[in-house]
Structure formats: structure tokens, C-alpha cells
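**Student:** 40 is the number of the first residue of the first sequence in the working numbering; add one for each residue after it.
This is the structure, below, for whatever I ask next.
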Amino acid sequence: MPEGPEIRQTADMLARALQHRDIEAFDLQHASLSQSSHAFEGHQVTSVDCRGKALLTQLSSGFTLYSHNQLYGVWKVTPRGKPLKTNRRLRLALHTQEHSAMLFSATDISLWKTDEIEEHPFLKRLGPDVLATNTDAELVLTRLLGKSCRNRQLSSLYLDQSFIAGLGNYLRSEILFFSGVNPADKPRNLNEAQVQALAKNTIKISQRSYRTSGVTLPKKYRPAIKKKSGRAYEQNRFAVFARAGKPCHFCATPVQKSIATSRRIYWCPQCQPRSE
DNA sequence: CTTTAAACCTGCTGGC
DNA sequence: TGCCAGCAGGTTTAAA
40 MPEGPEIRQT ADMLARALQH RDIEAFDLQH ASLSQSSHAF EGHQVTSVDC
90 RGKALLTQLS SGFTLYSHNQ LYGVWKVTPR GKPLKTNRRL RLALHTQEHS
140 AMLFSATDIS LWKTDEIEEH PFLKRLGPDV LATNTDAELV LTRLLGKSCR
190 NRQLSSLYLD QSFIAGLGNY LRSEILFFSG VNPADKPRNL NEAQVQALAK
240 NTIKISQRSY RTSGVTLPKK YRPAIKKKSG RAYEQNRFAV FARAGKPCHF
290 CATPVQKSIA TSRRIYWCPQ CQPRSE
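Below is the structure:
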């Protein structure tokens, strides 16, 4: 169940386990890989990167593995040979001397020649990755005010991967909230300060989520929580997302919930008034 | 051009 | 306990 920050952490995890290590064994379960042993046999993983929510595992064979987790795919890394308890369907496993990296459940998997990966139809349409080092607030601002974005509702724009890749449903609610803008507004109707805040927070909140493994609510608004999982943790990850009816941390007004672009969205009517 | 609705894939949860 | 409907942090497609 990943958005950009979670996918980037997965890429980091895979890189730690696989990068520059010999692939000693592999298991190609997914149909699209059945004739692809040559890409893995006797080779190494050169790098693991992500573009939005797509993972790109580059191999020394000159091929790059494209995989997209969608809602349900998941990568697991274990010490080599340690059995893993799961009912999920294994799609792909790469084993180094020390580790096993296994991809479960994902269906969107394909192998590309590295120099042709840009031809992938999904990658071709992506905007800049929100967590890429050269993506900054200025770039987001430029895109917000660009022709194809400025007249669209923020609620729609902030799920569109061609605007900024890696944004997703919880980041949408959180970024709009911290920017004090209403989901129904459009970039062209915001004032200067609002667009600037929005651009800045798009980067800031995404980076915070990456750094904290998915927590966008600043520490000072959260009770001390020991475990990085469980109900208390889940209920205090976000400022507004999944907090319908609960008091806004800034003004105590009940958080609103509705459906926008077929997905849940949350906002504070007091902190995020319409600007039109 | 922009928005909306439905469909698809798989996994998990909650209600009966 | 078992089954099923409904939902999920995603994406594509067609249609309005």
C-alpha cells in the first residue's frame, strides 16, 4: 500500500541487500520473466531506483527490471534461505550470498533493455519524482502554474502522476492541509503566498514522510508512541488523513471527509477555506 | 481540456 | 470458524 516515500524506502532496502553483489540464484515466477534467465544469470544488480511509484532494478546484463506494486505488491528481504511465512504469490526472487529479495503479488512486472527503459508507457508520462534530489519547490511552483495544471482542481492534480510522480492519496490530504488550501480550488485561483506554500509543502511533507517512514504529523502534535505500528501509531501518523470528525490539531474544528476523484479526501474547513 | 465512473489486480477486514 | 461483501495509500480506460 505504497506512495512515493514508501516506494523509495523499498528501493533503499533492495539496494542495501542487492547492489554490487552476485546474483547466486534466482526464481522467475512471473509469466513476463519466464524467458529472461539471461538477464539475471551470472550478473549483479547495478542499482535500485524508483520513479514515482515504479521500481527500477538495473542489472549488469544491460537489462532493467520494471516493477509496480500497485496496491498489493510487496518486496521482502530476508537473510538468505530463511523461510518466510506468507500466503502471497511469489513473483520473483533474487538471492545473493547473504540475502534473498522476494517480490510478492505484484502483476505489473517487465524487463527492459536499460537504454530503452524510457520507452515504458508509464514512465513516459510521469512528471518529476517528488523525492528526486533535483526536484525542489521552485520546480513544483512552475508546474503548478503551467498550462496543463493551473486550471485543474487540486484534488485531481495531486493524484496525477504526470504532475508530480510519487504523490498519492494520503499525501494529497496532508499536503493540502499543511498548505491551508481547499481541495476544490485550482492553482490559478490561489494567491501568491498560497501557491508558494503549496509548492514548498509538496516537497517538505513528502520528504518528512520518507524520513519518518510514513508519518506526516509533526512530533509536537503527537503523543509519545513506542511502537512503530499498531493502532495508536496509525491514528497519529496524519494531520487530517483518516481523521474524519476528529478535531483539527490547529483549530479544533472537526476534520471533514468526502470523496474526490473516487478516493477519500480529508480536510479542515476552517484552515482550508475556499479562495474563489 | 477537465472531470467522473467503472474496471482491473490482489489482500485484508468486518459483519453475518 | 467460515464465507463474502466491501474497501484499500494505484492506474487505466471510456465517456460525459
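Ideal Cβ placement from N, Cα and C applies to all residues, glycine included.
Using the C-alpha atoms, what's the distance from residue 183 back to residue 239?
**Tutor:** Within the first sequence, numbered from 1, the residue matching residue 239 stands at position 200. Within the first sequence, numbered from 1, the residue matching residue 183 stands at position 144. Cα-Cα distance, rounded: 11 Å.
**Student:** Are there three or more Cβ pairs, one per stretch, closer than 8 Å when the region 121-131 is compared with the region 44-55?
**Tutor:** With the cut-off at 8 Å, the region 121-131 and the region 44-55 do not touch.
**Student:** Quick check: the Cα distance between residue 199 and residue 143, rounded to an integer number of angstroms?
**Tutor:** Within the first sequence, numbered from 1, the residue matching residue 199 stands at position 160. Within the first sequence, numbered from 1, the residue matching residue 143 stands at position 104. About 26 Å.
**Student:** Would you report the Cα separation of residue 230 and residue 237, rounded to the nearest angstrom?
**Tutor:** Your numbering for residue 230 matches position 191 in the first sequence. Your numbering for residue 237 matches position 198 in the first sequence. Whole-angstrom Cα-Cα distance: 11 Å.
**Student:** Quick check on residue 66: does DSSP put it in helix, strand or coil?
**Tutor:** Locating residue 66 in the first sequence gives position 27, counting from the first residue. DSSP places residue 66 in strand when its eight states are reduced to three.
**Student:** Taking the straight line between their C-alpha atoms, what separation do you get for residue 67 and residue 138?
**Tutor:** Sequence index remark: in the first sequence, residue 67 carries index 28 (1-based). Sequence index remark: in the first sequence, residue 138 carries index 99 (1-based). Taking the straight line joining both Cα atoms gives about 17 Å.
**Student:** What do you reckon, are the CB atoms on residue 241 and residue 179 nearer than 8 Å?
**Tutor:** Locating residue 241 in the first sequence gives position 202, counting from the first residue. Locating residue 179 in the first sequence gives position 140, counting from the first residue. Cβ atoms of residue 241 and residue 179: closer than 8 Å.
**Student:** Using DSSP with H/G/I as helix, E/B as strand and the rest coil, what is residue 125?
**Tutor:** Position 86 of the first sequence, counted from the first residue, corresponds to residue 125. Residue state, collapsed to three classes: coil.
**Student:** Which residues in the same chain as residue 245 place their Cβ atom closer than 8 Å to its Cβ, once the five residues preceding and following it in sequence are excluded?
**Tutor:** The residue you call residue 245 lines up with position 206 of the first sequence. Hits under 8 Å: 43, 44, 169, 170, 205, 206, 210 and 214.
**Student:** Should the region 189-198 be regarded as contacting the region 281-291, the criterion being three or more beta carbon pairs within less than 8 Å?
**Tutor:** The region 189-198 is not in contact with the region 281-291.
**Student:** Near residue 293, which residues of its chain fall below 6 Å by C-beta distance, leaving aside the five closest residues on each side in sequence?
**Tutor:** The residue given as residue 293 occupies position 254 in the first sequence. Hits under 6 Å: 284.
**Student:** Say whether the region 94-110 touches the region 151-164, bearing in mind that this needs 3 or more beta-carbon pairs closer than 8 Å, one atom from each stretch.
**Tutor:** Yes, since at least three Cβ pairs between the region 94-110 and the region 151-164 fall closer than 8 Å, the two stretches touch.
**Student:** Looking only at DSSP bridge pairs, what is residue 113 linked to?
**Tutor:** Along the first sequence, read from residue 1 onward, the residue named residue 113 stands at position 74. Answer by DSSP bridge pairing, in chain order: 143.
**Student:** Is residue 84 helix, strand or coil by DSSP?
**Tutor:** In the first sequence, counting from the first residue as 1, residue 84 sits at position 45. Residue state, collapsed to three classes: strand.
**Student:** How big is the Cα-Cα spacing for residue 221 and residue 50?
**Tutor:** For this step, residue 221 is matched to residue 182 along the first sequence. For this step, residue 50 is matched to residue 11 along the first sequence. Going by the C-alpha atoms only, they are around 33 Å apart.
**Student:** With C-beta atoms as the reference, is residue 41 less than 8 Å away from residue 92?
**Tutor:** Position 2 of the first sequence, counted from the start, is the residue given in the question as residue 41. Position 53 of the first sequence, counted from the start, is the residue given in the question as residue 92. For residue 41 and residue 92, yes; Cβs fall inside 8 Å.
**Student:** Would DSSP call residue 160 helix, strand or coil?
**Tutor:** Here residue 160 refers to the residue found at position 121 when the first sequence is read from its first residue. Residue 160 falls in the helix class under three-state DSSP.
**Student:** Quick check on residue 219: buried or exposed, where buried means 16 or more other Cβ atoms within 10 Å of its Cβ?
**Tutor:** Here residue 219 is taken as the residue at index 180 of the first sequence, counted from 1. Per the 10 Å Cβ criterion, buried.
**Student:** Could you tell me the boundaries of the alpha helix (DSSP H) in which residue 202 lies?
**Tutor:** Against the first sequence, residue 202 aligns to sequence position 163. Note, residue 202: premise wrong, no alpha helix (DSSP H); not H, not E.
**Student:** Please go through the same chain and pick out, in chain order, the residues whose beta-carbon is closer than 6 Å to the beta-carbon of residue 65, but skip the five residues on each side of it.
**Tutor:** Position 26 of the first sequence, counting from 1, holds the residue named residue 65. Once the five neighbours on either side are set aside, the close Cβ partners of residue 65 are 79 and 133.
**Student:** If I follow the unbroken beta strand (DSSP E) through residue 295, where does it start and stop?
**Tutor:** As a first step, residue 295 must be located in the first sequence, where it is residue number 256. It spans 295-299 - the beta strand (DSSP E) in which residue 295 sits, taken as one unbroken run.
**Student:** Can you have a look at residue 111 and say buried or exposed, based on whether 16 or more other CB atoms are within 10 angstroms of its CB?
**Tutor:** The residue labelled residue 111 in the question sits at position 72 within the first sequence. Flag for residue 111 reads exposed.
**Student:** In the DSSP assignment, the beta strand (DSSP E) including residue 96 goes from what residue to what residue?
**Tutor:** One-based indexing of the first sequence puts residue 96 at position 57. Taken as a continuous stretch (DSSP letters only), the beta strand (DSSP E) holding residue 96 covers 93-98.
**Student:** Tell me which same chain residues have a C-beta within less than 6 Å of the C-beta of residue 295, skipping the five on either side of it?
**Tutor:** Reading the first sequence from its first residue, position 256 is the one you call residue 295. Here the set comprises 306 and 308.
**Student:** From residue 89 to residue 95, what does the alpha carbon distance come to, in whole angstroms?
**Tutor:** For the purposes of this step, residue 89 is taken as residue 50 along the first sequence, with counting starting at 1. For the purposes of this step, residue 95 is taken as residue 56 along the first sequence, with counting starting at 1. Rounded to the nearest angstrom, the two C-alpha atoms are 6 Å apart.
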